Structure formats: C-alpha cells, structure tokens
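Residue numbers (this note's numbering): 15 to 214. Ideal placement from N, C-alpha and C gives every residue a C-beta, glycine not left out. Computed from a prediction, not measured in an experiment: that's the story for all the values here. Read the structure below first, then the notes.
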C-alpha cells in the first residue's frame with residue numbers, strides 16, 4: 015500500500031491578511047490619509063479620490079478583465095511573468111492620473127503621492143523581470159513612509175504591520191522571505207524619498 019500525499023491546507027489567517035492588505039486597499043488608505051492631511055482636507059480628499067481611480071480602481075478593473083480572459087488566475091497575479099504584462103498597464107494608468115493632476119493644478123503633496131507610486135512601480139518592474147519581488151510589502155512600506163511624512167514620524171511604529179503582511183505572503187508560498195524584505199525596502203525607500211522631495 016502506497017501513501018498518498020495529502021493536499022496542503024491553506025492558512026486561512028494568512029489568506030485574510032493577504033487579501034485585506036492587498037495593494038489596492040493600501041493605496042486607497044494612503045491616498046485618503048495624505049488627502050486628509052492637506053490644509054484643506056475636503057479638497058485633499060477630492061484629489062485622493064482621483065488618485066484612487068487611476069492607481070487602484072482602473073488597475074483592479076484591468077486585473078478582473080484579465081482574470082475573465084484567462085490572462086492570470088487570481089487578483090494577486092501569482093505568476094511573475096504575468097506581472098510583467100500588468101505593471102506597465104498600471105504605470106500607464108498612474109501616469110495618466112499624474113498628468114490630470116498637473117493639468118488641473120492639484121496640491122503638490124497629492125501629485126507627490128502619485129508620482130511616488132509611479133516611481134515605486136518603475137523600481138519593481140525591472141526586478142520582476144528576473145525575480146518575484148513582493149508588491150504587497152512594497153506598497154505597504156511606501157504607504158507608511160508617506161503617511162509618516164504627512165502626519166507624524168510616530169506612524170513608523172506601525173512598521174511591524176509590514177512583517178505581518180510578509181508573513182502572510184510567505185505562509186501562502188507566494189513569496190520568499192528575501193522577496194518580501196526586498197519589496198518592503200524598495201517601497202519604503204523609493205516612495206519615501208520621492209514623496210519627501212516633491213511634497214511641500
């Protein structure tokens with residue numbers, strides 16, 4: 015009698031964290047957070063909605079379209095090669111949002127927010143060509159850096175959240191420890207420096 019391998023049970027908590035802290039949701043939160051930090055919070059939040067449309071809503075709509083067409087299996091785009099098809103589309107959407115912000119004279123901090131997102135994608139894209147760096151931790155790290163700059167350095171105490179996100183990605187076998195750490199560093203440094211340089 016030969017033993018048969020049992021199917022691996024997915025960690026339910028890790029799945030909830032991965033889904034709940036996916037880049038789209040984090041982008042929504044950081045956009046609203048930076049918008050609310052403006053001198054005129056209502057105006058800032060209005061621009062935050064514009065950022066959300068081009069950096070989160072439209073990319074997610076394209077991801078869902080790709081899922082229906084069989085281009086990728088899930089909204090996290092587990093196959094590295096497929097990410098090479100997706101990231102340039104997201105970059106084009108974000109760049110369009112930046113152009114609209116500049117044309118309509120958006121607050122500098124809101125433009126800096128979206129430029130920082132684009133810069134982070136520009137860093138992740140070439141790495142993704144040969145290595146599956148974590149977008150989850152990159153976006154989360156960049157978000158914390160921008161929120162800390164907009165509100166208070168005390169926000170840095172929330173950085174262990176990145177470790178929790180990394181754990182979920184590793185637990186689900188979507189990334190290695192090195193890929194999550196590299197993503198967190200890339201997002202934190204890139205978004206943090208770009209945002210600080212461009213915002214007032």
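Which word fits residue i, buried or exposed, when buried means at least 16 other C-beta atoms lie within 10 angstroms of its C-beta?
i	result
residue 20	Reliability fails at residue 20, whose pLDDT of 38 lies under 50, so the model's placement of it is uncertain and no value is given.
residue 164	buried
residue 117	exposed
residue 213	buried
residue 93	exposed
residue 24	exposed
residue 78	exposed
residue 27	exposed
residue 37	buried
residue 144	exposed
residue 159	buried
residue 187	exposed
CA-CA distance, residue i and residue j?
i	j	result
residue 130	residue 80	26 Å
residue 95	residue 172	32 Å
residue 120	residue 41	18 Å
residue 85	residue 102	15 Å
residue 189	residue 122	35 Å
residue 125	residue 170	22 Å
residue 12	residue 29	Residue 12 is absent from the structure shown; the chain starts at 15 and stops at 214.
residue 191	residue 178	12 Å
residue 74	residue 147	19 Å
residue 60	residue 153	22 Å
residue 107	residue 66	11 Å
residue 156	residue 82	30 Å
residue 139	residue 98	7 Å
residue 104	residue 168	31 Å
residue 141	residue 203	15 Å
residue 195	residue 72	28 Å
Hey, could you find the ends of the alpha helix (DSSP H) residue i is sitting in?
i	result
residue 36	Element bounds for residue 36: n/a, residue is neither H nor E.
residue 163	149-164
residue 98	94-117
residue 183	174-185
residue 193	191-212
residue 77	72-82
residue 122	122-142
Does the Cβ of residue i lie closer than 7 Å to at least one heavy atom of the ligand ZN?
i	result
residue 92	The ligand ZN is not part of this structure, which contains no ligands at all.
Can you round the beta-carbon distance between residue i and residue j to whole angstroms, since I take them to be within the 8 Å contact cut?
i	j	result
residue 128	residue 200	About 18 Å; that fails the 8 Å criterion.
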